[in-house]
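Undergrad: In numbering that gives the first Met the number 0, the protein residues as written are 0 to 521. The beta carbon of each residue, even a glycine, is placed where N, CA and C say it ideally should be.
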Amino acid sequence: MESDQGTGPGADAQRRLQLYAYLQPREHHRTYLAIMRLFTSTLLADLSAGEVASALAAAERDGEVDTGESHIDVVIPRLRQLVEWGNLVHGRRETIAASIAEFQQGSMRYQVGKLAVRVQRDVDELLRVPEGAREVSRELLPAVERGLAELGETLDLATSRTERDPGSLPARRAREQLAERVTTLFLQHAELAATVRDFYAYLGQVLTRHHLAPEEISGFRNLLVEYIQLVVEDVLRHTPTIAASLAALAPRRADLVRLLRPAEQLGATVERTRGRAGADWQELTDWFADRPGKPSQVTALRDATTRAIGALLATVRRATTGGGLLPSRRGELVALAARFDRATPDEAHELYAGAFGLHSARNLLPAPEHDGDDERTPWADGPAVEVSVSVRGRGDRGARGRTSRIMDDPITEQGLLAAAREADERREAASAELVAAAADLGAAVLSAPALAALCELLTLAMAQREGAADPGEATDQVRGLTLRLTPSVGHTTNIRSEGGTLTLRDAVLDIARARTRVRGAG
């Protein structure tokens, strides 16, 4: 049935999406599903409302539809609704009726549309699919490889015979053999690609799980160590040969497509079998071979495998080494949930307080100033606070992840090196000034850097003394400068500088560099 909402691509997409309306978990959706299974169970089904009602009566006895859905007055609106959605179309077969009531019920016949058949077929297949992983059809890879190798010879034979006599029996047989090989090749690749997509979709579903039951760990280990490795090794082993065969076949695609032209009696608008268009061959080539800026599906499979193995190993390691919640904690939580389910409200409060150590609040201090906008909103209805995964899963507030990479900053590096060289030169000049003035500290006038270096060594030397009458010594290992402080009663040492005079009473300083020692006194 044509849609009244327009004729553009958007209207056509909307009309096609309405074919899935009967699958929504609405009222009577079981009846709609049973009707569509009835129409798609046979070829060229042409049924009246009475025939549909009779079939639904058997389904009603088996419990597949609700009670009362097989009545003729109920079936007719269901069929009209399916016609409105586009799943059914009106039939044209003439009916001989014995009465007006029989004519009203049997004259209108229904047939199923092409797209509706495909929708129902996909639905039945989906309902039969188990939740576990799907086995990858690895055995199809060598079949695809052999098919491409034989396709070149078949194409040569069909081309030569068609050029000699297009209408001859050998030419027709050669083209039929070519079509057979192309159809088989694309069916094999479609099955292989579908199994690969389903398998890695299951892997993605597994990667989202943070906790594993003990019985699942061994299965995931086998999945990691054995199966993924076998799949990737087979794909990588056969891919170079397949890619080379497709590259050799690329210049002859136009001739291949021309020999596989569809029958003219099918009309202009026809859904062609895979392999009859150049875009189909380009898609097949892109699955196995990389293009600039567009990696192949084989490359994507290899990258996805690397990420999946890393993530699955981390999940198994977390479950087996105590990096997170232990696998046994899952059983404890399930048992606790069962106790909550059986408890009364008062027992549930006591159980919650005993299990998690959370009791009712007790305010022992005056109420603080409210920091929100609404003082009447309970905390349970207030804004939620984001809790990190490490706190929620492990109770650990420590930072996770690698430290940030230190960026290379040559300007700052050279500036720091220049500042270090300048400071080293100042310290060297101060040490040289101290050595030069050591012969007569009382007469010399030290600069501020020299006095700072002297005070640093003097502080260290005084810290080495055990008593007031003991000497002390300090050494600058970098400059080779040594200062020795010797007690001497009645002796005063005056050290003048640009900022003032330092007076040391009852002490004598010795300053030496390398092996030369000079006594300084004043």
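Starting from T268, trace the alpha helix (DSSP H) in both directions and tell me its first and last residue.
TA: For the purposes of this step, residue 268 is identified with residue 269 of the sequence shown, where counting begins at 1. Looking at the DSSP string, T268 is not in any alpha helix (DSSP H), and its letter there is neither H nor E.
Undergrad: Find the nearest neighbour of A303 within the set V386, S487, I227, judged by alpha-carbon distance.
TA: Locating residue 303 in the sequence shown gives position 304, where the first residue counts as 1. For the options V386, S487, I227, the alpha carbon positioned closest to that of A303 is the one of I227.
Undergrad: Assuming R108 and G146 form a contact by the criterion Cβ under 8 Å, report the distance between their Cβ atoms to the nearest whole angstrom.
TA: As a position in the sequence shown, residue 108 is number 109, starting the count at 1. As a position in the sequence shown, residue 146 is number 147, starting the count at 1. Going by Cβ atoms, the distance from R108 to G146 rounds to 45 Å, so no, they are not a contact pair.
Undergrad: When you compare the CB positions of L55 and T30, do they come within less than 9 Å of one another, or not?
TA: The residue labelled residue 55 in the question sits at position 56 within the sequence shown. The residue labelled residue 30 in the question sits at position 31 within the sequence shown. Contact: yes.
Undergrad: Measure the C-alpha to C-alpha separation of L311 and Q204 and round it to an integer number of angstroms.
TA: Start at 1 with the first residue of the sequence shown, and residue 311 comes out as number 312. Start at 1 with the first residue of the sequence shown, and residue 204 comes out as number 205. Distance between the alpha carbons of L311 and Q204 is about 11 Å.
Undergrad: For the beta strand (DSSP E) holding H28, just list the boundary residues, first then last.
TA: Locating residue 28 in the sequence shown gives position 29, counting from the first residue. That residue, H28, is in no beta strand (DSSP E); its alpha helix (DSSP H) goes 28 to 39.
Undergrad: Return the CA-CA distance between G323 and L357, expressed in angstroms with no decimal places.
TA: The residue labelled residue 323 in the question sits at position 324 within the sequence shown. The residue labelled residue 357 in the question sits at position 358 within the sequence shown. Model confidence at G323 stands at a pLDDT of 46, short of 50, so the residue's coordinates are unreliable and nothing is read from them.
Undergrad: Let me confirm a value: L126 is counted as buried when at least 16 other C-beta atoms fall within 10 Å, else exposed. Which label applies?
TA: Reading the sequence shown from its first residue, position 127 is the one you call residue 126. The C-beta of L126 has fewer than 16 other C-beta atoms within 10 Å across all chains shown, which makes the residue exposed.
Undergrad: Let's test the definition: count the other Cβ atoms within 10 Å of the Cβ of Q296 and tell me whether it reaches 16, buried, or not, exposed.
TA: The residue given as residue 296 occupies position 297 in the sequence shown. The residue is buried, with at least 16 neighbouring Cβ atoms inside 10 Å.
Undergrad: Pick helix, strand or coil for H490, following the three-state DSSP scheme.
TA: Residue mapping note: residue 490 aligns to position 491 of the sequence shown, counting from 1. DSSP places H490 in strand when its eight states are reduced to three.
Undergrad: Suppose the cutoff is 7 Å on Cβ atoms and the five residues either side in sequence are ignored; what does the same chain contact list for L335 look like?
TA: Position 336 of the sequence shown, counted from the first residue, corresponds to residue 335. Contacts found: A354.
Undergrad: Please report the straight-line C-alpha distance between I308 and L202, rounded to a whole angstrom.
TA: One-based indexing of the sequence shown puts residue 308 at position 309. One-based indexing of the sequence shown puts residue 202 at position 203. Spanning the two alpha carbons is a distance of roughly 10 Å.
Undergrad: Expressed to the nearest angstrom, what Euclidean distance is found between the alpha-carbon atoms of D475 and Q413?
TA: Taking the first residue of the sequence shown as position 1, residue 475 is located at position 476. Taking the first residue of the sequence shown as position 1, residue 413 is located at position 414. Rounded to the nearest angstrom, the two C-alpha atoms are 27 Å apart.
Undergrad: In terms of DSSP beta bridges, what is A506 paired with?
TA: Residue numbering aside, residue 506 sits at position 507 when the sequence shown is read from its first letter. Answer is P486.
Undergrad: Going straight from the alpha carbon of E455 to that of V488, what length do you get?
TA: Residue numbering aside, residue 455 sits at position 456 when the sequence shown is read from its first letter. Residue numbering aside, residue 488 sits at position 489 when the sequence shown is read from its first letter. Spanning the two alpha carbons is a distance of roughly 24 Å.
Undergrad: So, for R495: in the same chain, excluding its five sequence neighbours on each side, which residues have a beta-carbon less than 6 Å away from its beta-carbon?
TA: The residue labelled residue 495 in the question sits at position 496 within the sequence shown. Cβ neighbours of R495 beyond the five flanking positions: V444.
Undergrad: Determine the closest residue to L332 out of D345, E346, T343, Y351, with distance taken between C-alpha atoms.
TA: Within the sequence shown, residue 332 is the residue found at index 333, counting from 1. Of the listed residues, the one whose Cα sits closest to L332 is Y351.
Undergrad: First and last residue of the alpha helix (DSSP H) that includes T240?
TA: The residue you call residue 240 lines up with position 241 of the sequence shown. It spans 227 to 248 - the alpha helix (DSSP H) in which T240 sits, taken as one unbroken run.
Undergrad: In whole angstroms, what separates the C-alpha of A276 from that of V256?
TA: As a working mapping, residue 276 is identified with position 277 in the sequence shown. As a working mapping, residue 256 is identified with position 257 in the sequence shown. Roughly 6 Å separates the two Cα atoms.
Undergrad: Which of helix, strand or coil does DSSP assign to Q23?
TA: What you label residue 23 is simply residue 24 of the sequence shown in a count that begins at 1. If DSSP states are grouped into helix, strand and coil, Q23 belongs with coil.
Undergrad: Going by DSSP in three states, D155 sits in which element: helix, strand or coil?
TA: For this step, residue 155 is matched to residue 156 along the sequence shown. Reduced to three states, the DSSP call for D155 is helix.
Undergrad: Which partner residues of H89 appear in the DSSP bridge assignment?
TA: Translated into positions along the sequence shown, residue 89 becomes position 90. Under DSSP, H89 forms a beta bridge with Y109.
Undergrad: Report all residues from its chain with a CB closer than 7 Å to the CB of D3; omit the five preceding and five following residues, and keep chain order.
TA: For the purposes of this step, residue 3 is taken as the residue at position 4 of the sequence shown. Note that D3 scores a pLDDT of 46, beneath 50, so its modelled location is shaky and nothing firm can be said.
Undergrad: Applying the criterion that 16 or more other CB atoms from any shown protein chain within 10 Å of the CB defines a buried residue, is T502 buried or exposed?
TA: Within the sequence shown, the letter at position 503 stands for residue 502. T502 sits exposed, since fewer than 16 C-beta atoms from the chains shown fall within 10 Å of its C-beta.
Undergrad: When the Cβ atoms of the segment 132 to 143 are set against those of the segment 113 to 121, are three or more pairs found closer than 8 Å?
TA: no
Undergrad: With a CB to CB cut of under 8 Å and the five nearest residues on each side skipped, what residues in its chain are close to D164?
TA: By one-based count along the sequence shown, residue 164 stands at place 165. Result list for D164: A170, in chain order.
Undergrad: Pick helix, strand or coil for S53, following the three-state DSSP scheme.
TA: Here the question's residue 53 lines up with position 54 in the sequence shown. Here S53 sits in helix by DSSP.
Undergrad: Let me know the beta strand (DSSP E) ranges lying completely inside the segment 441 to 483, each 3 residues or longer, listed in chain order.
TA: 471 to 475
Undergrad: CA-CA distance, R464 and G471?
TA: The residue given as residue 464 occupies position 465 in the sequence shown. The residue given as residue 471 occupies position 472 in the sequence shown. Going from the Cα of R464 to the Cα of G471 covers about 5 Å.
Undergrad: If I'm right that G479 touches R512 with Cβ under 8 Å, what's the distance once you round it to whole angstroms?
TA: The sequence position of residue 479 within the sequence shown is 480, counting from 1. The sequence position of residue 512 within the sequence shown is 513, counting from 1. With 8 Å as the limit, G479 and R512 qualify as a contact, their Cβ atoms being about 6 Å apart.
Undergrad: With respect to the alpha helix (DSSP H) encompassing Q413, which residues constitute its N-terminal and C-terminal limits?
TA: Working through the sequence shown from its first residue, we reach residue 413 at position 414. Looking at the DSSP string, the run of the alpha helix (DSSP H) that includes Q413 is 409 to 436.
Undergrad: Leaving aside the five residues before and after S446 along the sequence, list all residues of the same chain whose C-beta is less than 8 Å from its C-beta, in chain order.
TA: Numbered from 1 along the sequence shown, position 447 holds the residue referred to as residue 446. Taken in chain order, the residues that qualify are A429, E432, S496, E497.
Undergrad: Quick one: using the 10 Å Cβ neighbour count with 16 as the cut-off for buried, is E68 buried or exposed?
TA: Here the question's residue 68 lines up with position 69 in the sequence shown. So E68 ends up on the buried side.
Undergrad: Give the C-beta separation of L300 and V234 to the nearest angstrom, bearing in mind that I take them to be a contact with Cβ-Cβ under 8 Å.
TA: By one-based count along the sequence shown, residue 300 stands at place 301. By one-based count along the sequence shown, residue 234 stands at place 235. With a Cβ gap of about 6 Å, L300 and V234 count as contacting.
Undergrad: Which same chain residues, not among the five before or five after A288, have their C-beta less than 6 Å away from its C-beta?
TA: On the sequence shown, position 289 is the one that residue 288 refers to. A242, S295, listed in sequence order.
Undergrad: CB-CB under 6 Å to L325, same chain, minus the five flanking residues each way: which ones, in chain order?
TA: For the purposes of this step, residue 325 is taken as the residue at position 326 of the sequence shown. At L325, the pLDDT of 45 sits below 50, so the modelled position is not reliable; the number obtained from the coordinates is stated separately. Nothing meets the Cβ criterion.
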